[in-house]
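Engineer: Chains as they are written, first to last, in this note's numbering: chain R, 220 to 331; chain S, -2 to 111. Using N, Cα and C, we set each Cβ at its ideal position, and we do this for glycine too. Encoded as structure tokens, here's the structure I'll be asking about.
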């Protein structure tokens, strides 16, 4: 039973355009959400997070939106750059001492 | 500041064998979490160690065990290897166990079981 779902295995975007990566979750106890980026032969790198008390968090070119009623979050990258090409993982956890639950990831390709 | 390191990078074993994977946490970090990432899947939590004690465990059988040492480095041991244990094993360290403590991941150990 997948609690965190990333339904798009891959996404291709032209350089300079917006990339939108989506994530859905089923566990209503989740209240902290994170996005990680992973390059080949490297471990996942933390990108941005959002607490359930917010609906938007922005860090430079990266913005995460949270829609609690829909149990949906999205990561927007504007403008997309070739260096953004990587696998992006959505992760979630609740307020207790529980581990991160990851989605399967979305492979983003930014084409120059 | 040294990041999270893992050894070995790659490992090939046969069914039934035992394996030990190692992780050195980032300087100052007292918490280590281990994850298994099978092909095409996201990382799946195995267990976490906080100040040398197991502090949570995922849905993995007892043949997956671990240790954390006084310097906060850690080992993951897997006994009686099965073909399905073939995966990338990721270690992550953090300053603590709370929600705001960002996890820093190592590059992983790629285990192949034949």
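#1: Below 8 Å on C-beta distance, what does residue 87 of chain S contact in chain R?
#2: With a threshold of 9 Å between beta-carbons, can residue 283 of chain R be considered close to chain S, or not?
#3: Closer than 9 Å, CB to CB, is residue 316 of chain R near chain S or not?
#4: Just to confirm my understanding: we take residue 291 of chain R, look at its own chain, exclude 5 residues before and 5 after, and list those with CB closer than 6 Å. What are they?
#5: In three-state DSSP terms, what is residue 294 of chain R?
#6: Please determine whether the Cβ atom of residue 317 of chain R lies at a distance below 8 Å from any heavy atom of the ligand HEM.
#7: Considering only their Cβ atoms, is the gap separating residue 44 of chain S from residue 22 of chain S smaller than 9 Å?
#8: In the structure shown, what three-state DSSP assignment does residue 80 of chain S receive?
#9: The beta strand (DSSP E) spanning residue 235 of chain R covers which residue range?
#10: I need the DSSP call for residue 0 of chain S, collapsed to helix, strand or coil.
#11: Is the Cβ-Cβ distance between residue 100 of chain S and residue 319 of chain R less than 9 Å?
#12: CB-CB under 6 Å to residue 9 of chain S, same chain, minus the five flanking residues each way: which ones, in chain order?
#13: Taking C-beta pairs closer than 7 Å, name the residues in chain R that residue 104 of chain S reaches, listed in chain order.
#14: Where in the region 14 to 47 of chain S do unbroken runs of the beta strand (DSSP E), each at least 3 residues long, occur, reported from the N-terminal end onward?
Structural biologist: By the coordinates alone:
#1: 262, 263
#2: no
#3: yes
#4: 243
#5: strand
#6: As presented, the structure is devoid of all ligands, the ligand HEM included, so that no description of it is given.
#7: no
#8: helix
#9: First-last for residue 235 of chain R: undefined, no H or E at that position.
#10: coil
#11: yes
#12: 109
#13: 260, 261, 262
#14: 16 to 21, 28 to 34, 41 to 47
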